[in-house]
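What follows is a set of notes on a single structure, which appears directly below.
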Amino acid sequence: MSDFEHQATGQEARHAMPRRPWTPEEEHRQDMLRRYLGVLASAAAAEARTEARTEAGEPAAGPADTPPSSAEHQAGEQAPGAPHVRDVMRVPAVSVPGDMPFLDVAHTLSREHLSAVPVVDAEDHVVGVVSESDLLAKAAVMAVSHRSGPIGRLREHRLYEKSRGETAAALMTYPAVTVHPGDLVADAAWTAARARLKRLPVTDHHGRLVGAVSRIDLLRSLIRNDAEIREEIESRILRREFLLDPGSIELTVDNGVVTVVGRLDPALVPKLLERIREIEDVVDVVDRLDAG
């Protein structure tokens, strides 16, 4: 290994080392994040497969491969029980008018503990979003005592032009990335991930602001805890589908991994395990069933 490779490996190892012991809460948060990213990765893979088929001139993908951006999926036809944005959005949403001075916008962000806020017109249509980054760019330009050389001025022209704005409308980023109340939470999460946004305005189909949804709201809705997964297995699968007493089978769920212990008719075992694996947020199923 060369000196350069040795140094790079050492830096990578140091960066990978935790700076303080993880608490149980942090481990749970990290696990939720991994499972959330798994949902997004699956959505990205499905979209990539669909795009590849389209480029190759193949027939449209079936329901299992349909990307989350399809109209059918957005309408909730493939997942009637899936949560929608209306179920998790926050109402009312904080917004600012386009003519609000930038200092007042900064105060609004600070007071409401937000990193960005939608900008609306007189009829509540969302026309853009102004963020901390927009305000910091203006503050940075204002703090510079002299301009850079010709090349620097050319590169920073857009930043300087935008920084001259004194109102939310002049500083905002547009068009705004928005979602609708009827969109599936999975679709909204996909939109937020692709746009790298922590918060999305929710608008009606006329573009009027009706609420807001944050990334953490989407995360909590997408990733159920272990107790909720177990409850679904017991109530929907064991009781309703298989007509079994949940007490006859021992169920444990640990970070999405379901362990099934007990005695059961061998003819039912494969179907039961298959139905459990089909539940969203189930990471794996450990079969410890004995033939009855």
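Each number in my numbering comes from the position in the sequence shown (counting from 1) with 50 added on. Note that the Cβ used here is the ideal one computed from N, Cα and C, for glycine as well.
Confirm the yes/no value for this check: CB of residue i, any heavy atom of the ligand ATP, distance under 7 Å.
i: residue 260; result: Among the components modelled here there is no ligand, and therefore nothing to report on the ligand ATP.
Flag this pair as yes or no: are the beta carbons of residue i and residue j separated by less than 8 Å?
i: residue 219; j: residue 149; result: yes
i: residue 181; j: residue 223; result: yes
i: residue 332; j: residue 306; result: yes
i: residue 248; j: residue 165; result: yes
i: residue 168; j: residue 216; result: no
i: residue 296; j: residue 290; result: no
i: residue 320; j: residue 235; result: no
Let's see if you can read the secondary structure: which residues bound the alpha helix (DSSP H) around residue i?
i: residue 136; result: 135-138
i: residue 309; result: Where residue 309 is concerned, there is no enclosing alpha helix (DSSP H), although the beta strand (DSSP E) it sits in stretches over 307-314.
i: residue 282; result: 276-282
i: residue 302; result: Unbroken run through residue 302 is the beta strand (DSSP E), 299-304; no alpha helix (DSSP H).
i: residue 160; result: 152-162
i: residue 290; result: Premise fails: residue 290 is in no alpha helix (DSSP H) and is neither H nor E.
i: residue 322; result: 319-327
Tell me the DSSP secondary structure of residue i in three-state form.
i: residue 254; result: coil
i: residue 259; result: strand
i: residue 145; result: coil
i: residue 340; result: strand
i: residue 237; result: helix
i: residue 242; result: helix
i: residue 334; result: strand
i: residue 227; result: coil
i: residue 187; result: helix
According to DSSP, which residues form a beta bridge with residue i?
i: residue 249; result: 264
i: residue 215; result: Its beta-bridge partners do not exist; DSSP assigns none.
i: residue 181; result: 166
i: residue 176; result: 170
How many whole angstroms separate the CB atoms of residue i and residue j, which I take to be in contact at a CB cut-off of 8 Å?
i: residue 138; j: residue 267; result: 5 Å
i: residue 179; j: residue 251; result: 7 Å
i: residue 228; j: residue 176; result: 6 Å
Closer than 8 Å, CB to CB, is residue i near chain D or not?
i: residue 151; result: Among the protein chains of the structure shown there is no chain D, as only one such chain exists.
Over the uninterrupted beta strand (DSSP E) stretch that includes residue i, give me the two end residues.
i: residue 37; result: In this structure the chain extends from 51 to 342, so residue 37 is not present and cannot be described.
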